[in-house]
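K.L.:
In the working numbering, the protein residues as written are 40 to 264.
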C-alpha cells in the first residue's frame, strides 16, 4: 500500500479524517471500533451523507474538486510514439507546416465551427447563470456553439405565461432573452450558434415555439431521460 493511499481518506474537502494513518482502500481503518471519536469518510457518509456529496457548501459553484484517488497508473505513464512521414493537405515545406496553417474548422448539421468544440447545456442553476456572460461571449468570439440548458424559462422569476391552455405557455422571459442577446452581440453570424435545450417541463411551457418565433433561434436540442 502506498503512502498516498494511506492518507487518501483524510480529506480536507469534506472535513473527514481517519483514526489511524494506515487506512484501507475501503476508507475504513484496519480496525474499525464502535466508540471511535473520529469522522472518517465512511462514517460521515452514513450519518451526514448529503454533506459529503459535494465540497463544503459555502464553496459550491466557486470551486473545482480534484479526485485524490491512486489507481496505480495515469496518463502520464503513457508516451505516444508516432511516425512523422510527409505532409497531408499542405505543401511539404517546413516554413508552411506551422500551427497557424492548420485548418481545424468543422461542420455539424448546418452549423459551421471554427473549432470542434461545443459548450454543453448551461441550465437554470445559479452557477450556470453567473458564468454565462464569459462563456457566451468567449464562444461567440471563438466561433463555436453554446447551449442554453433546460428549465431556464421555468426558473425565471420574471417570466410571463398565458394560462388559457392545459399547461402554462411562455410569452416572455427575461433570462432567455438575455442569454441569446449576450451571445449574439459578439457573434459573427457565420461560425457557431446558440442552441436551446428543452426537457419535459420546457415542452409543456412551449419553449421551442417561443425561442424559434420570438428570438429567431435556429438550433434546438431535445433532452431525453
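Idealized CB from N, CA, C, for every residue including glycine. All values reported here derive from a predicted model rather than from experimental measurement.
Is the CB-CB distance between residue 175 and residue 225 below 9 angstroms?
P.N.:
In contact: residue 175 and residue 225 (Cβ atoms closer than 9 angstroms).
K.L.:
Apart from the five residues on each side of it in sequence, which residues of its chain come closer than 7 angstroms, Cβ to Cβ, to residue 131?
P.N.:
Closer than 7 angstroms at Cβ, skipping near neighbours: 125.
K.L.:
Could you check which residue in 202, 217, 230, 190 has the C-alpha nearest to that of residue 242?
P.N.:
When only C-alpha atoms are compared, the closest one is 190.
K.L.:
Kindly indicate if chain C contains any beta-carbon less than 9 angstroms away from that of residue 142.
P.N.:
Among the protein chains of the structure shown there is no chain C, as only one such chain exists.
K.L.:
What residues in its chain sit with their C-beta under 8 angstroms from that of residue 342, if we drop five residues either side in the sequence?
P.N.:
A question about residue 342 goes unanswered here, because the residues of the chain that appear run from 40 up to 264.
K.L.:
Alpha carbons only, please: which of 149, 100, 89 is nearest the one belonging to residue 165?
P.N.:
When each option's Cα is compared against that of residue 165, the closest is 100.
K.L.:
Count the other CB atoms, across all protein chains shown, that sit within 10 Å of the CB of residue 80; report buried if there are 16 or more and exposed otherwise.
P.N.:
Answer is buried; the Cβ neighbour count reaches 16.
K.L.:
Express the C-alpha separation of residue 156 and residue 227 in angstroms, rounding to a whole number.
P.N.:
When rounded, the distance between both Cα atoms is 17 angstroms.
K.L.:
Buried or exposed, going by whether 16 or more other CB atoms sit within 10 Å of the CB of residue 57?
P.N.:
It counts as buried.
K.L.:
For the alpha helix (DSSP H) holding residue 251, just list the boundary residues, first then last.
P.N.:
Run containing residue 251: 246 to 253, per the alpha helix (DSSP H) assignment.
K.L.:
In its own chain, which residues sit with a C-beta less than 6 angstroms from the C-beta of residue 59, not counting the 5 before and 5 after it?
P.N.:
Excluding positions up to five away in sequence, the list reads 68.
K.L.:
Can you give me the Cβ contacts of residue 40 inside the same chain, cut-off strictly under 6 angstroms, excluding the 5 residues immediately before and after it?
P.N.:
Residue placement at residue 40 is flagged as unreliable, the pLDDT there being 40, under the threshold of 50; the coordinate-derived value follows with that caveat. None.
K.L.:
Out of 230, 127, 198, which one is the CA nearest neighbour of residue 216?
P.N.:
Measuring from the Cα of residue 216, the nearest candidate turns out to be 198.
K.L.:
Which value, in whole angstroms, describes the spacing of the CA atoms of residue 87 and residue 55?
P.N.:
Rounded to whole angstroms, residue 87 to residue 55 spans 11 angstroms at the Cα level.
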